[in-house]
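Student:
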Amino acid sequence: MKSIKKAYVKLSFTLRKVMLCVVYTMILSCLSLSDAKASIATVVPAAADSTFTVASFRQLPTDVSAFIDAVRDLNGEACALLKVVAPADFAFSSPLGIVERRDKVGEIWLFLPKGTKSITLKHPQWGVLRDYKFGTKLESRMTYEMRLRLPQTAVVEKHDTIVYTQTIVDTVTVAPPRRIVQLHAFTLLTASLHTDGPSWGVMAALMRRHGAYVHVSSNLHSAPTTIGSCNSDGYRPSTSNTPYYTGRKQISEYALTVGAIHRLNGLFNIFEGVGYGSQTTAWQLADSEGGGWLRNEKFSHKGFAAELGVVASVGRFSFSASALTIAGKQWQGCIGVGICLGKTGMITKRK
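Just so we're aligned, residue 651 is where the sequence shown starts under the working numbering, counting upward by one.
1) According to DSSP, what are the bridge partners of residue 946?
2) Which word fits residue 698, buried or exposed, when buried means at least 16 other C-beta atoms lie within 10 angstroms of its C-beta?
3) In angstroms with no decimal places, state the Cα-to-Cα distance between residue 787 and residue 968.
4) Would you report the Cα separation of residue 737 and residue 715, rounded to the nearest angstrom?
5) With DSSP as the reference, label residue 676 as helix, strand or coil.
6) Are residue 776 and residue 731 close, meaning C-beta to C-beta below 8 Å?
7) Please give the ranges of any beta strand (DSSP E) in the stretch 742 to 767, keeping only runs that are unbroken, at least 3 residues long and fully inside the region.
8) Specify, as a first and last residue, the run of the alpha helix (DSSP H) that residue 740 falls within.
9) In three-state DSSP terms, what is residue 702?
10) How many angstroms separate the CA atom of residue 709 from the CA atom of residue 984?
11) Assuming residue 955 and residue 924 form a contact by the criterion Cβ under 8 Å, report the distance between their Cβ atoms to the nearest whole angstrom.
12) List the DSSP bridge partners of residue 848.
13) Going by the DSSP bridge assignment, what does residue 875 pair with across the sheet?
14) Please check the pair residue 980 and residue 844, which I expect to be a contact at CB under 8 Å, by giving their CB distance rounded to whole angstroms.
15) List the DSSP bridge partners of residue 863.
16) Taking 8 Å as the cut-off, does the stretch 837 to 856 touch the stretch 876 to 884 (at least 3 CB pairs, one atom from each stretch)?
17) Residue 716 by DSSP, collapsed to three states: which one?
18) Shortest alpha-carbon distance to residue 703 belongs to which of 770, 868 and 864?
19) What does the alpha-carbon distance come out to for the pair residue 898 and residue 873?
20) Which residues in the same chain have their Cβ closer than 6 Å to the Cβ of residue 932, if we skip the five residues on either side of it in sequence?
21) Helix, strand or coil: which one does DSSP assign to residue 939?
22) What are the start and end residues of the beta strand (DSSP E) that includes residue 984?
23) According to DSSP, residue 918 sits in a beta bridge with which residue or residues?
24) Give every residue of the same chain whose Cβ lies closer than 7 Å to the Cβ of residue 728, excluding the five residues on either side of it in the sequence, and list them in chain order.
25) CA-CA distance, residue 801 and residue 766?
26) I'd like to check one pair, residue 978 with residue 836: are the Cβ atoms closer than 8 Å?
27) Put residue 1078 into one of helix, strand or coil per three-state DSSP.
28) Check residue 670 in the structure and name its three-state DSSP category.
29) Applying the criterion that 16 or more other CB atoms from any shown protein chain within 10 Å of the CB defines a buried residue, is residue 650 buried or exposed?
30) Would the stretch 884 to 896 and the stretch 847 to 867 be scored as touching if the rule is three or more Cβ pairs under 8 Å?
31) So for residue 890, helix, strand or coil by DSSP?
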């Protein structure tokens, strides 16, 4: 009985020690958690400026970008070039319009009509700066620079143990610009030079970056009705005698080619085409031979025609030069002059 009592007392003492250890451990855990929470660093964003301003505007007299790579407005006048040092997500407008926009590394090139006095700047996050005055009228072929002062967000840290960063999600998506060649047409009067005299023709083309063209030419003479043929020396087939001729000859020539035309740059376009051509040379027999006309097979050709050439545009005027062949036997050099309908330059649009 005494041994049972001693065992009971010993077990109670042991359980009491265990309970004290558990309580002490829980108190230490609570104190550690409190200290850890106190050591966490927090970040409080300071008040940030939500607008942007123009830091400077000046003329660049030594910059010849607008002079070398001239862009013309709808009136054919060379534009002024405004280089804006700003991110690419800015948008712009002006009372006279913006002829062309080019996004460069670290800056935006705006080609503005001569006489522009103000511009409006827009940003999807920072708002609009409306009708900023240049203080002067922009001059043709001159380059200007505009620098912007953008908003800066400051961060104040209370502790340096943990740093939280805040990510701002922009809900406005600015689409990248697309450069599009404007639709335009060429109409030219052509002259073809060859050994049997000139031919006259018309060429027309419609294109953007690529397009199609048609070219037709003729020496404006019709071929006479022939009663036979002869060779280059005038002999008829299967005869050894040369008939007598009056010395008159009649030449009829025409060619038609169609094909594709491609833009190389703002000045030159190249074109190539195929079609059909014919050249008929007839010699007139003397009255003693019965009269009539003989077709000279040596100087008569017909069949497949091919053409390769280039068109250059200088303002509204267009000039062409090409080489044309009929059946690979008769060759012609063609030149032309005409006008361009529409603008051959490029415009920038957003999707």
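All residues carry an ideal CB built from backbone N, CA and C; glycine is no exception.
Tutor: From the atom records:
1) The count along the sequence shown starts at 1 and reaches residue 946 at position 296. Its beta-bridge partners are 880.
2) By 1-based counting over the sequence shown, the position of residue 698 is 48. Its pLDDT being 45, under 50, residue 698 is placed unreliably in this model, and the value from its coordinates should be taken loosely. Exposed, because fewer than 16 other Cβ atoms sit within 10 Å of the Cβ of residue 698.
3) Translated into the one-based positions of the sequence shown, residue 787 becomes position 137. Translated into the one-based positions of the sequence shown, residue 968 becomes position 318. Approximately 32 Å between the Cα atoms of the pair.
4) For this step, residue 737 is matched to residue 87 along the sequence shown. For this step, residue 715 is matched to residue 65 along the sequence shown. Residue 737 and residue 715: Cα-Cα distance of roughly 20 Å.
5) For this step, residue 676 is matched to residue 26 along the sequence shown. Correct three-state label for residue 676: helix.
6) As a working mapping, residue 776 is identified with position 126 in the sequence shown. As a working mapping, residue 731 is identified with position 81 in the sequence shown. Contact: no.
7) 750 to 754 and 757 to 762
8) Along the sequence shown, one-based indexing puts residue 740 at 90. No alpha helix (DSSP H) holds residue 740; DSSP gives it neither H nor E.
9) The residue given as residue 702 occupies position 52 in the sequence shown. Three-state DSSP puts residue 702 in coil, outside helix and strand.
10) Working through the sequence shown from its first residue, we reach residue 709 at position 59. Working through the sequence shown from its first residue, we reach residue 984 at position 334. About 47 Å.
11) Here residue 955 is taken as the residue at index 305 of the sequence shown, counted from 1. Here residue 924 is taken as the residue at index 274 of the sequence shown, counted from 1. Indeed they touch by this definition, with Cβ atoms about 7 Å apart.
12) In the sequence shown, residue 848 corresponds to position 198, counting from 1. Note: residue 848 sits in a beta bridge opposite 843.
13) Locating residue 875 in the sequence shown gives position 225, counting from the first residue. The partner list for residue 875 (beta bridge, DSSP) is empty, contrary to what the question assumes.
14) For the purposes of this step, residue 980 is identified with residue 330 of the sequence shown, where counting begins at 1. For the purposes of this step, residue 844 is identified with residue 194 of the sequence shown, where counting begins at 1. Going by Cβ atoms, the distance from residue 980 to residue 844 rounds to 7 Å, so yes, they are a contact pair.
15) On the sequence shown, residue 863 is found 213 positions in, with the first residue counted as 1. Answer is 855 and 909, bridged to residue 863.
16) no
17) The count along the sequence shown starts at 1 and reaches residue 716 at position 66. Reduced to three states, the DSSP call for residue 716 is helix.
18) Along the sequence shown, one-based indexing puts residue 703 at 53. The option with the nearest alpha carbon to residue 703 is 770.
19) The count along the sequence shown starts at 1 and reaches residue 898 at position 248. The count along the sequence shown starts at 1 and reaches residue 873 at position 223. Between residue 898 and residue 873, the C-alpha separation is close to 13 Å.
20) The sequence position of residue 932 within the sequence shown is 282, counting from 1. The answer, listed in chain order, is 874, 876, 900, 943 and 945.
21) In the sequence shown, the residue the question calls residue 939 occupies position 289. In this structure, residue 939 counts as helix in the three-state DSSP scheme.
22) By one-based count along the sequence shown, residue 984 stands at place 334. That run of the beta strand (DSSP E) goes 980 to 992.
23) If you number the sequence shown from 1, residue 918 lands on position 268. DSSP, once it has assigned bridges, lists 962 as partnering residue 918.
24) In the sequence shown, the residue the question calls residue 728 occupies position 78. 720, 722, 790 and 791.
25) Looking up residue 801 in the sequence shown gives position 151. Looking up residue 766 in the sequence shown gives position 116. Going from the Cα of residue 801 to the Cα of residue 766 covers about 27 Å.
26) Against the sequence shown, residue 836 aligns to sequence position 186. Against the sequence shown, residue 978 aligns to sequence position 328. Against a cut-off of 8 Å, the Cβ pair of residue 978 and residue 836 comes out as no contact.
27) Nothing about residue 1078 can be read from this structure; the chain reaches only from 651 to 1001.
28) The residue you call residue 670 lines up with position 20 of the sequence shown. Note: residue 670 maps to helix in three-state DSSP.
29) Residue 650 falls outside the range modelled here, since the chain spans only 651 to 1001, and no answer is possible.
30) no
31) For the purposes of this step, residue 890 is taken as the residue at position 240 of the sequence shown. Coil.
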